[in-house]
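Okay, so here's the structure we're looking at.
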Amino acid sequence: MAQCVQSVQELIPDSFVPCVAALCSDEAERLTRLNHLSFAELLKPFSRLTSEVHMRDPNNQLHVIKNLKIAVSNIVTQPPQPGAIRKLLNDVVSGSQPAEGLVANVITAGDYDLNISATTPWFESYRETFLQSMPALDHEFLNHYLACMLVASSSEAEPVEQFSKLSQEQHRIQHNSDYSYPKWFIPNTLKYYVLLHDVSAGDEQRAESIYEEMKQKYGTQGCYLLKINSRTSNRASDEQIPDPWSQYLQKNSIQNQESYEDGPCTITSNKNSDNNLLSLDGLDNEVKDGLPNNFRAHPLQLEQSSDPSNSIDGPDHLRSASSLHETKKGNTGIIHGACLTLTDHDRIRQFIQEFTFRGLLPHIEKTIRQLNDQLISRKGLSRSLFSATKKWFSGSKVPEKSINDLKNTSGLLYPPEAPELQIRKMADLCFLVQHYDLAYSCYHTAKKDFLNDQAMLYAAGALEMAAVSAFLQPGAPRPYPAHYMDTAIQTYRDICKNMVLAERCVLLSAELLKSQSKYSEAAALLIRLTSEDSDLRSALLLEQAAHCFINMKSPMVRKYAFHMILAGHRFSKAGQKKHALRCYCQAMQVYKGKGWSLAEDHINFTIGRQSYTLRQLDNAVSAFRHILINESKQSAAQQGAFLREYLYVYKNVSQLSPDGPLPQLPLPYINSSATRVFFGHDRRPADGEKQAATHVSLDQEYDSESSQQWRELEEQVVSVVNKGVIPSNFHPTQYCLNSYSDNSRFPLAVVEEPITVEVAFRNPLKVLLLLTDLSLLWKFHPKDFSGKDNEEVKQLVTSEPEMIGAEVISEFLINGEESKVARLKLFPHHIGELHILGVVYNLGTIQGSMTVDGIGALPGCHTGKYSLSMSVRGKQDLEIQGPRLNNTKEEKTSVKYGPDRRLDPIITEEMPLLETLALAQEVNQR
Amino acid sequence: MAVCIAVIAKENYPLYIRSTPTENELKFHYMVHTSLDVVDEKISAMGKALVDQRELYLGLLYPTEDYKVKFVMVVDSSNTALRDNEIRSMFRKLHNSYTDVMCNPFYNPGDRIQSRAFDNMVTSMMIQVC
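Listed in order, the protein sequences are those of chains R and C. For the first sequence, counting from 1, position 12 maps to 12 in this note's numbering; every step adds exactly one. Position in the second sequence counted from 1, then plus 926, gives you this note's numbering.
The structure is reproduced here in structure tokens:
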């Protein structure tokens, strides 16, 4: 598992916090809406206590709670929809990408050096969101509401009346059988009355007097006067106040959706508030006319189900259901808490403190005591007697079922207030207030009870929490019971078929194991939970498993890579393309250049595909290129597929920038040192055309003996002409340059005589390659007769045939694994310096089906004998390395290569051409 | 019997790898490559304590310090007829055959194995499926 920002000792207490419901009157909600926040959101940044808290456990021992956090949320009466949760998690993961400039750790394992980012923020945000979006369940009480804040505003006409109305509402929600959700911890929920007072608008005196009245009615411990909105939002620009909400609201999109998707009106308000952002008036109007405190719909509920009338405005729907970062974008423009000053922040903090000290904790303490008393009285009965009576009158609680039946049910076994559940309740309460010793012993007892009753779901829940609390116990009096977790996971998954619970259990267990450096156990757990039903979860878990392997004492690099590939595959199935690409790239580091060509090709191919869909075309091209240039061991059909894919991607790249330089093509290979250059006309004795007196043609092999003969012959001729002296600057004429000839000088070519370049191609693939419009690429410096050089460099001027004419081979086929030469001619019409740079061609292949579609879109593509499926225009450079220099000492000790000027002829003016006809042969024969 | 047989060089690149043609070859490549981690783990465990001397095939590989060639065999786990003994004898055959390859004066250690005799032996081990 990758490293996390939070340690496990912080993570778990933060994941399981006391839950408090908030029920606001419309007027109170309006006051908080002035800040673009709901009441629950308003409290969110301040929900962690800054000081230690003390409470007394049932044995009257003082117990210290550190860093206590409470979670306040608006009451919603629908459990979260699995579909919406899935979508939310998906958005959270895709919204969290690795930072661009993130410095990756380098891990050296054996002969591998890997760049691995140590943290995986997408996993952490996934986990956080996952744990927060857990619905409240019947067999555990950790996220059941412990208390309810009833909030009314001081500007209300009858605040006290309003409070009793809210109180009745809460009572109705809790006790009316119409509402199965939300869940409440115990029947008599703590009610805490909060009077919101708008300092800038309200009457202070009135608020105080109402507060006095409240104190009379509900006691000083049960109510609070919270003053907010000390300034009006108009002055927001004057003073910059830190915005503690932004991080919470962006990080946690459950809250986002709560504020923006919680009612029929809020969609419009969302839209409008975006528009009205800068106009400061009327912001509240949109909110007022709706039901701001809409508790009929869970924030996670899909809107379709919450309000059918909504389905009319489709675009808004899409918008609100669109991905997280869009919501984020909408959010960043909104200034939260515009009406709050720093004093207000302090007041809210004070309020939370007060509520926890005076309201919540005494309530928890009292409840624990009550539960404890119940348990003791229950224990007072003889245990055996108790179980015996239970057996006798078993009908009431445990339905008479065979063990097999019980194992098949994950359904309810106990009514909500069953005595068996009381101990679990007590354990959960102790856990929430971080009293892990007591929690562990309660969970342990509960586990035994549940197992006796064969209540598997309940037992698994108790086992899970017993393991967690055993781990969190201070001083670690007992070893971490890993087998508890294993049993719990197995039960959740196989007996209860509840993957969500199994996943939570695995996430917790893996984190606990990680903190004990038991990486291989953690990896095994994570891998075991991957399944077909959720690709996103499987991908994330596999990735974490991969991180486990690399973090072991002796890192398992190959297992890491393999699981990364599996994770990448799952990510791509889950539609998380960026994460998939990242995973494959990480795995690539391990496979690259290690001789596992089949695997390497597969990864490269996938990287290419993914990069292409993410429009990272350059990466796609280089990945595909990789597959083709390495000596591939794939089958012909596979190679054909790779080639087609490559051509397709390449075509897209070149269409994006049609005016850019021609791309370098990787295929076919060019054996550049085998390039031969021939000056003059082809030898065609039959035509009666004038022929140069030479012994060579391109059709014959190099013959050192005859070339020596001709060289001597030429020397003799020159010496006769120069009266017996060979001039020092004499060099024998060379008509054909190849790898054996002396290429250190610029060769001379004559204007109006063709230059033939023979290029040796080799096709490394098993499929046929078709080159069309094959011609040479050149650069020409014309030499003016006026004497000064034309400065302008004409490059690649196929459009200037008056300078140099180039022959174009329209179709050139190379079969699979074949080597073949192509002869390309240039006709210089002007004198100057010519540089032959390379070849330019359309690379394509022939598909078996010979489809004709798509050809029209390709300029310069011939529909000749072969119909092309796809082709791209590109070039390859001809660069010839000269011979290794070996004359001076310096050259001998270092590796230096001389120049090779084969391809840089100087075009000279017309020269006399010595023609020999039959005579030449006679001379030879004599 | 075996569905994939691989000989891996000391530098962990494949000298020889063959799998049943009916199956996805790529899968076996990944599998064999990943299993090298387990081999590494076992070898490093061997170094620490002389455990289980009966594990001859790991033991035999170990003393030749600088030439640790690995044989990896993938078998179908549903095939219950395969016992440890059979696996052992298969490895013995593979090892003998590999030794023959190494005795070939024209074989360059570290090259891919392209011996027909070796090929035939591998085929015989893979096709023994009833």
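C-beta atoms are modelled at their ideal positions from N, C-alpha and C, and glycine is treated no differently.
Reduced DSSP secondary structure (H/G/I, E/B, other) of residue i
| i | result |
| --- | --- |
| threonine 946/C | coil |
| serine 706/R | helix |
| asparagine 90/R | helix |
| arginine 56/R | strand |
| isoleucine 809/R | strand |
| glycine 832/R | strand |
| glutamate 464/R | helix |
| lysine 422/R | The sequence shown places glutamine at residue 422/R, rather than the lysine named in the question. Three-state DSSP puts glutamine 422/R in a helix. |
| glutamate 400/R | At glutamate 400/R the pLDDT is 40, less than 50, meaning the model places this residue with poor confidence; the figure from the coordinates comes in the next sentence. Here glutamate 400/R sits in coil by DSSP. |
| glutamine 132/R | helix |
| cysteine 1067/C | Only positions 927 to 1056 of chain C appear in this structure, which leaves residue 1067/C out of reach. |
| glutamate 27/R | helix |
| serine 1015/C | helix |
| serine 635/R | coil |
| tyrosine 560/R | helix |
| cysteine 1056/C | Low local confidence applies: a pLDDT of 41 at cysteine 1056/C is under 50, so the model's placement there is unreliable, and no value is given. |
| glutamine 370/R | helix |
| arginine 1009/C | coil |
| glutamate 753/R | coil |
| valine 965/C | helix |
| alanine 674/R | helix |
Nearest residue (CA-CA) to residue i, options the options
| i | options | result |
| --- | --- | --- |
| valine 557/R | Lys594/R, Lys577/R, Ser534/R | Lys594/R |
| tyrosine 436/R | Ala467/R, Asn619/R, Gln454/R | Ala467/R |
| serine 597/R | Cys930/C, Glu951/C, Lys936/C | Glu951/C |
| lysine 820/R | Leu771/R, His830/R, Gly838/R, Asn842/R | Leu771/R |
| glutamate 817/R | Leu774/R, Leu834/R, Pro764/R | Pro764/R |
| isoleucine 629/R | Glu156/R, Cys505/R, Pro668/R | Pro668/R |
| lysine 227/R | Asn188/R, Asp138/R, Phe351/R, Pro187/R | Phe351/R |
| cysteine 442/R | Gln454/R, Ser739/R, Gln422/R | Gln422/R |
| asparagine 671/R | Gln174/R, His139/R, Ala760/R, Leu566/R | Ala760/R |
| glycine 83/R | Ser707/R, Gln610/R, Ser744/R, Ser534/R | Ser534/R |
| serine 7/R | Leu472/R, Ser209/R, His829/R | Leu472/R |
| glutamate 833/R | Ser47/R, Leu49/R, Lys779/R | Lys779/R |
| proline 98/R | Arg424/R, Asp900/R, Cys583/R, Val621/R | Cys583/R |
| glycine 95/R | Val72/R, Lys577/R, Lys165/R | Lys577/R |
| leucine 43/R | Thr356/R, Gln221/R, Pro13/R | Thr356/R |
| asparagine 143/R | His54/R, Asp91/R, Lys425/R, Leu114/R | Lys425/R |
Counted within 10 angstroms of its Cβ, other Cβ atoms place residue i as buried (16 or more) or exposed
| i | result |
| --- | --- |
| glycine 461/R | buried |
| serine 154/R | buried |
| serine 320/R | Bear in mind that the predicted position of serine 320/R carries a pLDDT of just 38, short of 50, making it too unreliable to give a figure here. |
| glycine 874/R | buried |
| alanine 1007/C | exposed |
| cysteine 736/R | buried |
| arginine 615/R | exposed |
| glutamate 879/R | exposed |
| leucine 89/R | buried |
| threonine 530/R | buried |
| methionine 149/R | buried |
| valine 721/R | exposed |
| tyrosine 126/R | buried |
| glycine 838/R | buried |
| threonine 487/R | buried |
heavy atom of the ligand SAH below 7 Å from residue i C-beta
| i | result |
| --- | --- |
| methionine 465/R | This structure does not include the ligand SAH; it has no bound ligands of any sort. |
*Quick one, which residues of the segment 537–560 of chain R are near chain C if we go by CB-CB under 8 Å, in chain order?*
Taking 8 Å as the Cβ-Cβ cut-off against chain C, the residues of the segment 537–560 of chain R that qualify are Phe549, Ser554, Met556, Val557, Arg558, Lys559.
Open item on the list: Runs of 3 residues minimum, wholly inside the segment 579–616 of chain R: which ones carry the beta strand (DSSP E) assignment?
Closed with: Counting only runs of 3 or more, we get nothing.
Checklist entry - Which of the residues in the segment 1015–1036 of chain C, read from start to end, lie with their CB under 9 Å from any CB of chain R? => result When CB distances to chain R are screened at a threshold of 9 Å, not a single residue of the segment 1015–1036 of chain C falls below it.
Interface residues of the segment 575–597 of chain R facing chain C [CB-CB below 8 Å]: Tyr591, Lys594, Gly595, Trp596
For a minimum of 4 consecutive residues, which ranges assigned as the alpha helix (DSSP H) are wholly contained in the segment 466–498 of chain R? 482–490
Problem set entry | Contact set between the segment 936–961 of chain C and chain R, restricted to residues whose Cβ is under 7 Å from the partner | Those residues of the segment 936–961 of chain C that come within reach of chain R (Cβ to Cβ, closer than 7 Å) are Asn938, Tyr939, Pro940, Glu951, Leu952, His955, Tyr956, His959, Thr960.
- Query: Quick one, which residues of the segment 633–649 of chain R are near chain C if we go by CB-CB under 9 Å, in chain order?
  - Reply: none
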